[in-house]
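Participant: Top to bottom, those sequences are chains A and B.
Each residue of the first sequence is one higher than the one before, starting from 15 at the first, in the numbering used here.
Each residue of the second sequence is one higher than the one before, starting from 4 at the first, in the numbering used here.
This structure is in structure tokens; I'll ask about it shortly.
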Amino acid sequence: MRIENLSIRTVTIIIFMMIGTVAIVLSLFAGNYFRQSALNAQMSSLSRVIEVASQEMLKDVRGYTFDLGMKLGNSSELVNAVKNIEQPGGRENIIALLDDPFINGFVGFSKVNMVKLRIFDLNLKLLAESSMGMTGVESEIAAYISGIIKQRQGVERLKAIDGLWRSSYGPLYSMVVPVGGLRLTAYLEVVVDPVFNLPDIGKITKTPVSIFSIGGEQLNSNEQQDTSGFLPVEFGLLTSDGMPAFRIVGYENVDKLNQEMEKTKIVTTSGFLLLSMMTLLFALWLFNRFLFVPVSRMIQDMKQMACGDLDLEVNKTGLREFYTLAETFNLMADQVRMRTNDLRDSQNRLLQLLDLDDSAILYFGRDNDVIYFNKGTTDLFGYSYDEMSDMDSKDLFADDIECLMKNSVLQKLHVELHCVRNNGDNVKCNAVIHRLDVKGEHGFAVALNPMMNEQNELAEFSAVNRSGIRDQRMDVVEQSLNSILEIAKHNPNLVMGSSTMGMLAAQYSESDDEKSVLRNQCVNIMYTALACWEHDLGKNKLDLADESKIWQVYIDKSTPTTRTLDKYLNIESCPKNPRCQRVIDTAEFVLKKMGSRNTSGQKKLQVLLDELRLNISGMKASSSKAGI
Amino acid sequence: MHIKDNRFTRSRPILFCLCLMLSSKLLADEKPFVPESIPGAIAVSAEEVIELILLNPDLVVIDSRKKTEYSKGHIEGAVNILNTVMRQEDMEMIAPDKTKAILFYCNGTRCLRSADAVSKSLEWGYKNIFWFRGGWNEWMDKHLPVITD
Chain A
15 MRIENLSIRT VTIIIFMMIG TVAIVLSLFA GNYFRQSALN AQMSSLSRVI
65 EVASQEMLKD VRGYTFDLGM KLGNSSELVN AVKNIEQPGG RENIIALLDD
115 PFINGFVGFS KVNMVKLRIF DLNLKLLAES SMGMTGVESE IAAYISGIIK
165 QRQGVERLKA IDGLWRSSYG PLYSMVVPVG GLRLTAYLEV VVDPVFNLPD
215 IGKITKTPVS IFSIGGEQLN SNEQQDTSGF LPVEFGLLTS DGMPAFRIVG
265 YENVDKLNQE MEKTKIVTTS GFLLLSMMTL LFALWLFNRF LFVPVSRMIQ
315 DMKQMACGDL DLEVNKTGLR EFYTLAETFN LMADQVRMRT NDLRDSQNRL
365 LQLLDLDDSA ILYFGRDNDV IYFNKGTTDL FGYSYDEMSD MDSKDLFADD
415 IECLMKNSVL QKLHVELHCV RNNGDNVKCN AVIHRLDVKG EHGFAVALNP
465 MMNEQNELAE FSAVNRSGIR DQRMDVVEQS LNSILEIAKH NPNLVMGSST
515 MGMLAAQYSE SDDEKSVLRN QCVNIMYTAL ACWEHDLGKN KLDLADESKI
565 WQVYIDKSTP TTRTLDKYLN IESCPKNPRC QRVIDTAEFV LKKMGSRNTS
615 GQKKLQVLLD ELRLNISGMK ASSSKAGI
Chain B
4 MHIKDNRFTR SRPILFCLCL MLSSKLLADE KPFVPESIPG AIAVSAEEVI
54 ELILLNPDLV VIDSRKKTEY SKGHIEGAVN ILNTVMRQED MEMIAPDKTK
104 AILFYCNGTR CLRSADAVSK SLEWGYKNIF WFRGGWNEWM DKHLPVITD
């Protein structure tokens, strides 16, 4: 597609549509990214919640085990039993004391799953352990806890310490407290299984939770959970020394989140698109108001001015650039108007000057028809203005000018021509024939001057001098005719001073085919009209020419003839540019004279007349459409 | 001027509410902390308390908290005497010698009970007063041994 075929309006609408499309696509993308971000934030949030819940769970476990440990560690029975461990039955006594909480319970018995109670000496060597609870647990205290205790000195060693550690059984939780209160004699380790408390995480987070061992085994498999439509969020619970202990998977119900996000997405996207569309429409209205309408109006005005309506002015109402453009165009149109007026005046003056000249000056077109003639021509040949218009070179000269020009290579030819006057007399004239090309169409201009008495030498001298003047005049005539014909061809309205110029313009504007049709129609009508005239009214063509006053009756050697009318009765002799109006007037005259006889010839003439009128009106319409 | 008065009258309830809110906020924020030290008493940490107890078996440890709090857990050897009910006679019965080392503690830095008890003891002429300013909160934070009933 060529860019010239696109209007500003089309391009602007396309750009706005592109912006609108981009806005829609971006809003959809943004909606999806927003959803993904929201899900990520939700997952991150749930992960943090699980972490906090895990710490809360361990805190509860810590509280129960600390209380139990302190209670046992400060009991005088256990302290004395530890002191007397080397005594007979001392170890059994300790074991019995350590078994007691398993049997009789303790505060928080149902809150934790205690699996072992163990006593270590100050060097962290195992002294005794409960016979109840888990079996097969390593005899050493957890490396993490023992490392810290060994680092501690003095009072620091009285502080209780706890930790999650990995045993051969699995992750266990231990609380180590001093035995003997402030007077440290040994260490008591309370070992619990944290798996018992892990489901509490779900109670804190209020979401379904699955707990997996590091091996992947689900530890709370007894809980039936429907997690379809839930988003799983995994959190890794680590031991105190940073080793993975459990995998906790929380399930977030994303249905509600999705619904809310969908709702938010619809609202925000719709709002954004609505605002975008409103903005685009408003922008389009602004463009239309300040760009499209002024430009359209300006183009319309400019087109009219280009067609010759230079009195029009381009509308200047608009933005600064349009105002400047219109102002500049109007100034240019003013200049053109002034120059055109000057030119028209010059042409008119020139035509008037040519009319004032006593020489006969003619211009013959490509068909040898007379295109232009001055007043001296009508005086020389004795024809009226209308009669001259129908003449061609063969009618006016006994010599074949066309042949003369063809045989000559000169641009200008000085010859003697025999002019055939209206009354049949031949007049010998000095002539200068000048080739004249207008837009590739060959024609020639002729300046004629009747020859004086040959015996009058003074007159001859005068004639020789006048011949030189004619040459100069012909040069001027050539230039003037060229410019006038050029303007007349493209802008007939500008050359109003000469009716022949309009005729010339029509000659150049009509195609050969159209002219051929027109000539045929003219000949047919004239032939039919004459036939009607002679057959139905019983008169001859001299009567027609005489009564209608449309056609000239010539007297050739005392014999009346209708030379001009005769031309229109034969296609060969019919002028290339026939006088259609004369033909129409003749047909109408004949029809009027025939009245209501309603003969076949009358009907045929009427039909032919209508066809000619139709053809002429069609040609006029196409000519005006072509801007001629 | 008349307009100004009207405006002031109308905005008076709002100003009052604002002042009330501000003062309550300030009161909440400015719940009095115990002083850094009490003249005449020696402030000690949890570790120093243990050392005092271990080095000085005659040390009198007085828990100035409520009985319920005391029952949930206290420092080994501590005697529970609420500061508000503490009388000179009670003190003279526990520590007839006014040069005897006495340690006071309560819940912590926001608790004024032990500070009050220390002040009273100083007034009553006791010379060797130790004040565990961090109190029970510090003791528990450090996971030190506790005695529960």
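All residues carry an ideal CB built from backbone N, CA and C; glycine is no exception.
Note that this is a predicted model, so its numbers are computed, not measured.
If I measure Cβ to Cβ from Leu-532(A) and keep anything under 7 Å in the same chain, skipping five residues before and after, which residues do I get?
Facilitator: Start at 1 with the first residue of the first sequence, and residue 532(A) comes out as number 518. Once the five neighbours on either side are set aside, the close Cβ partners of Leu-532(A) are Pro-592, Cys-594 and Asn-629.
Participant: Taking the alpha-carbon of Ala-259(A) as reference, which of Leu-233(A), Asp-439(A) and Trp-299(A) has the nearest alpha-carbon?
Facilitator: Counted from its first residue, the first sequence places residue 259(A) at position 245. Nearest option by C-alpha distance: Leu-233(A).
Participant: Give me the subset of the stretch 75-89 of chain A whose CB atoms are less than 8 Å from a CB atom of chain C, sorted by chain position.
Facilitator: Considering every chain present, this structure includes no chain C. Its protein chains are A and B.
Participant: Of the residues Val-169(A), Asp-135(A), Ser-144(A) and Val-151(A), which one's Cα is nearest the Cα of Ser-160(A)?
Facilitator: Within the first sequence, residue 160(A) is the residue found at index 146, counting from 1. It is Asp-135(A).
Participant: Starting from Leu-57(B), find everything on chain A with Cβ-Cβ shorter than 8 Å and list it in chain order.
Facilitator: As a first step, residue 57(B) must be located in the second sequence, where it is residue number 54. Correct list: Leu-196 and Arg-197.
Participant: Figure out for me which residue from Ser-124(A), Ala-174(A), Lys-279(A) and Gln-366(A) has the closest Cα to the Cα of Ile-38(A).
Facilitator: By one-based count along the first sequence, residue 38(A) stands at place 24. That would be Lys-279(A), whose Cα lies nearest to the Cα of Ile-38(A).
Participant: Would you call Gln-101(A) buried or exposed, if buried means 16 or more other Cβ atoms sit within 10 Å of its Cβ?
Facilitator: Sequence index remark: in the first sequence, residue 101(A) carries index 87 (1-based). Result: exposed.
Participant: Distance cutoff 7 Å, beta carbons only. Does Ala-174(A) sit that close to anything in chain B?
Facilitator: Along the first sequence, one-based indexing puts residue 174(A) at 160. At least one chain B Cβ lies under 7 Å of Ala-174(A).
Participant: Could you run through the stretch 182-193 of chain A and flag, in chain order, every residue whose CB is less than 8 Å away from some CB of chain B?
Facilitator: Listed by position along the chain: Val-191 and Pro-192.
Participant: Tell me which residues of the stretch 154-175 of chain A have at least one Cβ-Cβ distance to chain B shorter than 9 Å, keeping chain order.
Facilitator: Going along the stretch 154-175 of chain A in chain order, one finds Gly-168, Val-169, Glu-170, Leu-172, Lys-173, Ala-174 and Ile-175 with a Cβ nearer than 9 Å to chain B.
Participant: CB of Lys-85(A) to nearest heavy atom of the ligand NAD: below 6 Å?
Facilitator: No copy of the ligand NAD occurs in the structure displayed, which carries no ligand at all.
Participant: Is Ile-218(A) near Glu-70(A), with beta carbons less than 7 Å apart?
Facilitator: Position 204 of the first sequence, counting from 1, holds the residue named residue 218(A). Position 56 of the first sequence, counting from 1, holds the residue named residue 70(A). In contact: Ile-218(A) and Glu-70(A) (Cβ atoms closer than 7 Å).
Participant: Of all the CB atoms in chain A, is at least one closer than 7 Å to the CB of His-146(B)?
Facilitator: Position 143 of the second sequence, counted from the start, is the residue given in the question as residue 146(B). Yes, His-146(B) counts as interfacial toward chain A.
Participant: So that I know if they touch, is there some Cβ in chain A lying closer than 7 Å to that of Glu-79(B)?
Facilitator: Here residue 79(B) corresponds to residue number 76 of the second sequence, with the count starting at 1. Closer than 7 Å to some Cβ of chain A, the Cβ of Glu-79(B) qualifies, so yes.
Participant: Quick one: residues in its chain with C-beta nearer than 6 Å to the C-beta of Gly-122(A), no 5 flanking neighbours on either side, listed in chain order?
Facilitator: Position 108 of the first sequence, counted from the start, is the residue given in the question as residue 122(A). Answer for Gly-122(A): Tyr-78, listed in chain order.
Participant: According to DSSP, Cys-546(A) sits in a beta bridge with which residue or residues?
Facilitator: Start at 1 with the first residue of the first sequence, and residue 546(A) comes out as number 532. Cys-546(A) is not bridged to any residue.
Participant: My output table needs one value for Trp-127(B): the three-state DSSP class, helix, strand or coil.
Facilitator: One-based indexing of the second sequence puts residue 127(B) at position 124. Reduced to three states, the DSSP call for Trp-127(B) is coil.
Participant: Could you say which of Leu-140(A), Glu-528(A) and Leu-198(A) lies nearest to Ala-633(A) if we only look at CA atoms?
Facilitator: Residue 633(A) sits at position 619 when you count from the first residue of the first sequence. The residue you asked about is not Ala; residue 633(A) is Met in the sequence shown. Nearest option by C-alpha distance: Glu-528(A).
Participant: Kindly indicate if chain A contains any beta-carbon less than 7 Å away from that of Glu-50(B).
Facilitator: Position 47 of the second sequence, counting from 1, holds the residue named residue 50(B). Yes - at least one Cβ of chain A is within 7 Å of the one on Glu-50(B).
Participant: Fully enclosed by the stretch 341-403 of chain A, which beta strand (DSSP E) runs are 3 residues long or longer?
Facilitator: The stretch 341-403 of chain A contains these whole beta strand (DSSP E) runs: 374-378 and 384-387.
Participant: Whole angstroms is fine: what's the gap from Met-465(A)'s alpha carbon to Lys-442(A)'s?
Facilitator: Reading the first sequence from its first residue, position 451 is the one you call residue 465(A). Reading the first sequence from its first residue, position 428 is the one you call residue 442(A). Answer to the nearest angstrom: the Cα atoms are 6 Å apart.
Participant: Out of Ala-52(A), Thr-354(A), Leu-410(A) and Val-309(A), state which residue places its alpha-carbon closest to the alpha-carbon of Ala-340(A).
Facilitator: Here the question's residue 340(A) lines up with position 326 in the first sequence. Comparing Cα positions, the closest option is Val-309(A).
Participant: As a quick exercise: from Leu-252(A), Leu-287(A), Arg-23(A) and Phe-244(A), pick the residue whose alpha carbon is nearest that of Glu-65(A).
Facilitator: Counting from 1 along the first sequence, the entry for residue 65(A) is found at position 51. Cα-wise, what sits closest to Glu-65(A) is Leu-252(A).
Participant: Fully enclosed by the stretch 203-240 of chain A, which alpha helix (DSSP H) runs are 4 residues long or longer?
Facilitator: Here the runs fully enclosed are 214-219.
Participant: Curious, which full-length alpha helix (DSSP H) runs of at least 4 residues does the stretch 68-124 of chain B contain?
Facilitator: DSSP runs (the alpha helix (DSSP H)) wholly in the stretch 68-124 of chain B: 70-75 and 91-97.
Participant: Can you tell me which of Leu-394(A), Pro-222(A) and Ala-297(A) puts its alpha carbon nearest to the alpha carbon of Ile-262(A)?
Facilitator: Here residue 262(A) corresponds to residue number 248 of the first sequence, with the count starting at 1. Ile-262(A) has its Cα closest to that of Pro-222(A), out of Leu-394(A), Pro-222(A) and Ala-297(A).
Participant: I'd like to know if the stretch 392-400 of chain A and the stretch 604-613 of chain A are in contact, where contact means that at least 3 CB-CB pairs between them fall below 8 Å.
Facilitator: Judged by Cβ distances under 8 Å, the stretch 392-400 of chain A makes no contact with the stretch 604-613 of chain A, as fewer than three pairs qualify.
Participant: For Asn-127(A), which residues in the same chain have their Cβ closer than 7 Å to its Cβ, ignoring the five residues on either side in sequence?
Facilitator: By one-based count along the first sequence, residue 127(A) stands at place 113. Same-chain partners within the cutoff: Val-206, Asp-207 and Phe-210.
Participant: Do three or more CB pairs link the stretch 109-119 of chain A to the stretch 50-67 of chain A at distances below 8 Å?
Facilitator: The answer is no - the stretch 50-67 of chain A does not touch the stretch 109-119 of chain A, with fewer than three Cβ pairs under 8 Å.
Participant: Hey, does Ile-65(B) have any beta-carbon neighbour from chain A nearer than 7 Å?
Facilitator: Along the second sequence, read from residue 1 onward, the residue named residue 65(B) stands at position 62. For Ile-65(B), the answer is no, since every Cβ of chain A falls outside 7 Å of its Cβ.
Participant: What number of angstroms, rounded off, separates the C-alpha of Ala-49(B) from the C-alpha of Gly-147(A)?
Facilitator: As a position in the second sequence, residue 49(B) is number 46, starting the count at 1. As a position in the first sequence, residue 147(A) is number 133, starting the count at 1. Distance between the alpha carbons of Ala-49(B) and Gly-147(A) is about 35 Å.
Participant: How would you call Gly-390(A), buried or exposed, if buried means at least 16 neighbouring beta carbons within 10 angstroms?
Facilitator: Position 376 of the first sequence holds residue 390(A). When all chains shown are included, Gly-390(A) counts as buried.
Participant: Quick check: what's the CA-CA separation for Gly-104(A) versus Ile-84(B)?
Facilitator: Here the question's residue 104(A) lines up with position 90 in the first sequence. Here the question's residue 84(B) lines up with position 81 in the second sequence. The straight-line gap from Cα to Cα measures roughly 39 Å.
Participant: Would you decide whether Arg-351(A) is buried or exposed? Buried here means 16 or more other CB atoms lie within 10 Å of its CB.
Facilitator: Taking the first sequence and counting its residues from 1, one reaches residue 351(A) at position 337. Looking at its Cβ environment, which holds fewer than 16 other Cβ atoms inside 10 Å, Arg-351(A) is exposed.
Participant: Taking C-beta pairs closer than 7 Å, name the residues in chain A that Glu-141(B) reaches, listed in chain order.
Facilitator: Counting from one through the second sequence, the residue named residue 141(B) turns up at place 138. The premise fails here: Glu-141(B) is roughly 12 Å from chain A at the closest Cβ pair, so nothing lies under 7 Å.
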